Amino acid sequence: MKIPVTLMLLAVMMTGCGTNADGTLDRSGFWGKFVGIVSDGLDYFYELTTDYGIAILIVTLIVRIITLPLMIKQIRYTKVMQQLSPELTKIREKYKDDKQKINEETMKLFQQYNANPLAGCFPILVQMPILLALYQAINSNQALKEHEFLGILLLSSTQSIENIILAVLAAGTTYIQSKMSMVNNDPNTKIMIAIMPLMIGFFTWQFPAALGLYWIFSNILTIVQTYFTKGIKAPNAPAAPAPGGKKK
1 MKIPVTLMLL AVMMTGCGTN ADGTLDRSGF WGKFVGIVSD GLDYFYELTT
51 DYGIAILIVT LIVRIITLPL MIKQIRYTKV MQQLSPELTK IREKYKDDKQ
101 KINEETMKLF QQYNANPLAG CFPILVQMPI LLALYQAINS NQALKEHEFL
151 GILLLSSTQS IENIILAVLA AGTTYIQSKM SMVNNDPNTK IMIAIMPLMI
201 GFFTWQFPAA LGLYWIFSNI LTIVQTYFTK GIKAPNAPAA PAPGGKKK
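Counting along the sequence shown from 1, when you hit position 2 you're at 2 in the UniProt record's numbering, and nothing is skipped either side.
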């Protein structure tokens with residue numbers, strides 16, 4: 001849950017990076033070339049659709065297709081964690097005064113059922129460079145200064161009513177997406193799910209509207225993917241214990 005915040009902070013720090021003195025895109029170096037590919041892709045889909053908002057939607061869809069295999073792994077990991085939750089609770093209660101032992105027993109349990117704690121982060125990690133590249137591509141795109149999508153200036157970060165609506169949509173879709181992906185009823189997880197949408201909404205309010213559109217489109221597609229892939233089974237997951245039953 002902390003990764004999106006880190007991503008947003010990185011984007012803030014990189015404002016102005018990757019651009020020349022005249023505001024055009026700096027395509028030198030590996031990162032500059034990568035940002036150039038994203039920028040060219042955005043322009044290509046704009047030429048096909050004559051709408052940068054739709055171009056951003058297409059780019060988002062491509063990213064979701066690329067990350068679909070990772071998302072399936074994430075869903076499987078989530079299901080494993082749901083079934084391991086009682087065992088994890090027992091470990092925390094048994095070794096509540098020994099954090100090192102908790103970590104050791106937790107890792108043993110993960111290894112036993114091939115659960116990768118990083119699996120839930122993979123889709124976000126893949127999107128990080130793409131989102132940062134899109135941020136720079138958007139900032140250096142002079143055509144976006146006058147381009148609107150549904151009445152919203154895509155390069156605008158002013159606090160207009162349209163941007164406020166965009167921020168609310170970003171926060172709302174983030175909440176739904178996080179809620180659908182929640183592993184268990186852990187209080188800390190619930191707190192993060194409550195705080196994260198507010199932070200995403202604030203950043204969307206402050207950043208160019210085009211980036212907010214990407215975030216909203218990405219959330220919606222994730223929600224749809226989660227809904228249609230919820231039947232995926234978790235491999236090597238332990239069977240849920242019967243009430244009052246003993247572990248064999």
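Beta carbons are placed, not taken as given, at the ideal position from N, Cα and C, and that holds for glycine.
For clarity, every value in this text was computed on a predicted model and none was experimentally measured.
Please name the residue, chosen from Tyr214, Ala194, Pro129, that lies closest to Lys33 on a Cα-to-Cα basis.
Pro129
Assign residue 249 to buried or exposed, taking buried as 16 or more other Cβ atoms, counted over all protein chains shown, within 10 Å of its Cβ.
Here the chain has residues from 1 to 248 only, and residue 249 is not among them.
Do the stretch 75 to 94 and the stretch 166 to 174 touch if we need at least three Cβ pairs shorter than 8 Å?
no
Going by C-alpha distance, which of Phe149, Gln112, Tyr135, Asp51 is nearest Gly36?
Tyr135
When you compare only the Cα positions, how much space is there between Ile223 and Ile176?
Straight-line measurement puts the Cα of Ile176 at about 7 Å from the Cα of Ile223.
How long is the line joining the alpha carbons of Leu221 and Asp97, rounded to whole angstroms?
Taking the straight line from one Cα to the other gives about 42 Å.
Using the C-alpha atoms, what's the distance from Leu109 back to Met81?
10 Å
First and last residue of the alpha helix (DSSP H) that includes Lys96?
Premise fails: Lys96 is in no alpha helix (DSSP H) and is neither H nor E.
Which of the three DSSP states, helix, strand or coil, is assigned to Ala143?
helix
Once the 5 residues before and after Phe217 are set aside, which same chain residues still bring their CB inside 6 Å of it?
Leu57, Thr60, listed in sequence order.
Quick check on the DSSP output: the alpha helix (DSSP H) that includes Thr173 runs from which residue to which?
161 to 181
Beta-carbon gap between Phe149 and Gly53 smaller than 8 Å:
Judged by their CB atoms, Phe149 and Gly53 are nearer to each other than the 8 Å cut-off.
Who are the Cβ neighbours of Asp51 in its own chain at under 6 Å, not counting the five residues just before and after it?
Hits under 6 Å: none found.
Going along the chain, which residues of its own chain have a beta-carbon closer than 6 Å to the beta-carbon of Thr226, five neighbours each way excluded?
Met180
Look up Pro208 in the DSSP assignment and say whether it is helix, strand or coil.
coil
Can you name, in chain order, every residue of its own chain whose Cβ lies under 8 Å from the Cβ of Tyr214, other than the five neighbours on each side?
Ile56, Val59, Thr60, Leu131, Leu134
Separation of Ile102 from Arg92, as counted between CA atoms:
Near 6 Å, if we compare the C-alpha coordinates of Ile102 and Arg92.
Within 10 angstroms of the Cβ of Ile191, are there 16 or more other Cβ atoms? Answer buried if so, exposed if not.
exposed
Does DSSP classify Ala194 as helix, strand or coil?
helix
Taking a contact to mean a Cβ-Cβ separation below 8 Å, would you say Ile138 touches Leu211 in this structure?
A contact, by the Cβ cut-off of 8 Å.
Which of helix, strand or coil does DSSP assign to Tyr113?
Residue state, collapsed to three classes: coil.
Hey, how far is the Cα of Thr89 from the Cα of Gln100?
Straight-line measurement puts the Cα of Gln100 at about 15 Å from the Cα of Thr89.
Ignore the nearest five residues each way along the sequence and tell me which others in Ile197's own chain have a CB closer than 6 Å to its CB.
Reading off the sequence shown, one finds Pro at residue 197, where the question assumed Ile. For Pro197, where only same-chain residues beyond five positions count, the Cβ hits under 6 Å are Ala171, Thr174, Tyr175.
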